[in-house]
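There are 2 protein chains.
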Amino acid sequence: MESRCENCIIRQFNSLRAMSKEELKHVSDSKVTKTVKKGEALFEEGDKLNGVYCVRNGISKLSKLSANGKDQIVKLATKGEVLGQRSVIAEESTNLSAIAVQDMEVCFIPKESITNTLQKNPNFTLEVLRHMAHDLKEADDVIVNISQKTVKQRIAEAFLYLKNNFGEDEQGFLALTLSREDISNVVGTATESAIRIISEFKKKGLIHTSGKKIGIKDERKLMEMVDGF
Amino acid sequence: MESRCENCIIRQFNSLRAMSKEELKHVSDSKVTKTVKKGEALFEEGDKLNGVYCVRNGISKLSKLSANGKDQIVKLATKGEVLGQRSVIAEESTNLSAIAVQDMEVCFIPKESITNTLQKNPNFTLEVLRHMAHDLKEADDVIVNISQKTVKQRIAEAFLYLKNNFGEDEQGFLALTLSREDISNVVGTATESAIRIISEFKKKGLIHTSGKKIGIKDERKLMEMVDGF
DNA sequence: GGGATTCTATGACAATTGTCAGGTTTGGAA
DNA sequence: TTCCAAACCTGACAATTGTCATAGAATCCC
Numbered sequence: 001m002e003s004r005c006e007n008c009i010i011r012q013f014n015s016l017r018a019m020s021k022e023e024l025k026h027v028s029d030s031k032v033t034k035t036v037k038k039g040e041a042l043f044e045e046g047d048k049l050n051g052v053y054c055v056r057n058g059i060s061k062l063s064k065l066s067a068n069g070k071d072q073i074v075k076l077a078t079k080g081e082v083l084g085q086r087s088v089i090a091e092e093s094t095n096l097s098a099i100a101v102q103d104m105e106v107c108f109i110p111k112e113s114i115t116n117t118l119q120k121n122p123n124f125t126l127e128v129l130r131h132m133a134h135d136l137k138e139a140d141d142v143i144v145n146i147s148q149k150t151v152k153q154r155i156a157e158a159f160l161y162l163k164n165n166f167g168e169d170e171q172g173f174l175a176l177t178l179s180r181e182d183i184s185n186v187v188g189t190a191t192e193s194a195i196r197i198i199s200e201f202k203k204k205g206l207i208h209t210s211g212k213k214i215g216i217k218d219e220r221k222l223m224e225m226v227d228g229f
Numbered sequence: 230m231e232s233r234c235e236n237c238i239i240r241q242f243n244s245l246r247a248m249s250k251e252e253l254k255h256v257s258d259s260k261v262t263k264t265v266k267k268g269e270a271l272f273e274e275g276d277k278l279n280g281v282y283c284v285r286n287g288i289s290k291l292s293k294l295s296a297n298g299k300d301q302i303v304k305l306a307t308k309g310e311v312l313g314q315r316s317v318i319a320e321e322s323t324n325l326s327a328i329a330v331q332d333m334e335v336c337f338i339p340k341e342s343i344t345n346t347l348q349k350n351p352n353f354t355l356e357v358l359r360h361m362a363h364d365l366k367e368a369d370d371v372i373v374n375i376s377q378k379t380v381k382q383r384i385a386e387a388f389l390y391l392k393n394n395f396g397e398d399e400q401g402f403l404a405l406t407l408s409r410e411d412i413s414n415v416v417g418t419a420t421e422s423a424i425r426i427i428s429e430f431k432k433k434g435l436i437h438t439s440g441k442k443i444g445i446k447d448e449r450k451l452m453e454m455v456d457g458f
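Residue numbers (our numbering), protein chains in the order written: chain A, 1 to 229; chain B, 230 to 458.
Okay, here's the thing in structure tokens:
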């Protein structure tokens, strides 16, 4: 049995909460629920999107391929976030790829439901606008971090970010396990450099690892490192 | 004599064009025109903005101070752009400083005119949203460029960007003259590194200089350099 | 016009980061 | 279980970039 958007808790976290009952009903009737396995793509750079994806579960990386063949991860999106909005709003093909880093459950909402509501419901539009304003601010922060901090600082920051945004499991490991390559693509460095620094952090007792899994041991020192001590 | 927004050509380039006649009238009655000299700030990081600034003339850098004391320039805004929107929309203090790199003429529009229209005129909101979607896409590109390209490539790209966006003067120099420090803050590197690379470009015949002024001599080679040749 | 200040330029060096070239471990499929 | 491919790790080295020091050039201001 398909669940109804009207009852979906996820909605509370994103701009869909500003929709009226009728609008939501329309969305719910037209939406399609999909499951996406780890490693599969929701969409790829250059695709024309016919709608947006509302994340019910799991995590997706949003990345962009650079000229030298490396991906840069621009954002990690989780439960409650809506992907593909920018492309649908600007009526352009998307500039990012969305690939699952965990198994995901998403709702695909055809763009008509979105564009119609954008034109008719100012509250909804304003809500989307607020979200985008927030994303833009975050993007500015990323720019400053990448250009002004060392790789070491950026990796330390990434671990703290992962802890704060996705939490830890029972054994104290980061709940979101990224491959070393993904980590290097988040901070914008070579995979080998990332691995080296992870080893160094381990030696210094800042983190502990088990296979791919990473746990934070000395949060205070990591925070100091981010600020340049 | 103050000019009226209704007649302002600048408006055609930004989201204000989606305002109704009455809304524009209201904006025009409440706006204040200001001149800002080179080096002066429109606003600074952390300020709470009581309105937005519509640029009529001149150019402003939007920058953010990083922990190590260096500014990172995130965007150069020129005629037609509206600054401070994000802060007003999100009702947060601004995360960027806006400092004139050329003498400017701007119109300050109190936030009430904006927020009122945002709530009442979906077309206007949608127009603002489109602009912000565009800015966000550009920010993503900046992230990828900074993290995946060398300083040399980024400087080459910056020169091409300056030419394409601000043009050249009669003698073939870039119309927007930035200090070496500003250039280094655009590409996110040390001032000395920027200077060194500028010298190198000059030696190789890619550019020519006269004081601070820089002119592009071999656009093709610069473009090749950006793509990694 | 002269002095102070800021900006530009360059050298020398050190630190950071990337690349290449191996190894080892891990995880999943047959 | 066993094997294979992918992921992880490390060393050695080169390239890039940042830092410090210093000096000349341009600009501002009294």
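No residue lacks a Cβ here, since even glycine has one placed at the ideal position from N, Cα and C.
Because the structure is a prediction, the values reported are computed rather than measured.
| Check | Outcome |
| --- | --- |
| Interface partners of residue 363 (chain B) on chain A, CB under 8 Å | 90 |
| Within-9 Å CB hit, residue 256 (chain B) to chain A | no |
| Buried versus exposed call for residue 225 (chain A) [16 or more other C-beta atoms within 10 Å across all chains shown] | buried |
| Cβ separation of residue 288 (chain B) and residue 306 (chain B), assumed to be a contact under 8 Å, to the nearest whole Å | 7 Å |
| Span separating the alpha-carbon of residue 332 (chain B) from that of residue 439 (chain B) | 21 Å |
| Rounded separation between residue 349 (chain B) and residue 359 (chain B) - CA only | 17 Å |
| Contact list for residue 80 (chain A) against chain B, beta-carbon separation under 9 Å | Chain B residues near residue 80 (chain A): none, gap ~18 Å exceeds 9 Å. |
| Nearest-angstrom Cα separation, counted from residue 39 (chain A) out to residue 423 (chain B) | 40 Å |
| In chain order, each beta strand (DSSP E) run of at least 3 residues that lies wholly inside the stretch 155–214 of chain A | 207–210 |
| Of the residues B:258, B:367, B:264 and B:285, the one placed nearest residue 90 (chain A), counting alpha carbons only | B:367 |
| Same chain, Cβ closer than 6 Å to residue 234 (chain B), five either side skipped, listed in chain order | 253, 256 and 257 |
| Secondary structure of residue 486 (chain B), DSSP reduced to three states | An answer regarding residue 486 (chain B) cannot be provided, because it is not within the stretch 230 to 458 covered by chain B. |
| Beta-carbon separation (whole angstroms), residue 311 (chain B) vs residue 283 (chain B), contact threshold 8 Å | 5 Å |
| Interface partners of residue 330 (chain B) on chain A, CB under 7 Å | Chain A residues near residue 330 (chain B): none, gap ~18 Å exceeds 7 Å. |
| Members of the stretch 362–390 of chain B near chain A, C-beta cut-off 7 Å | 362, 363, 364, 365, 366, 368, 369, 371, 372, 373, 375, 376 and 377 |
| DSSP three-state assignment for residue 132 (chain A), whether helix, strand or coil | helix |
| Chain A residues whose Cβ lies nearer than 7 Å to that of residue 297 (chain B) | 148 and 228 |
| Secondary structure, alpha helix (DSSP H): runs of 4+ residues fully inside the stretch 44–121 of chain A | 85–90 and 111–120 |
| With 16 other Cβ atoms within 10 Å as the buried cut-off, status of residue 402 (chain B) | buried |
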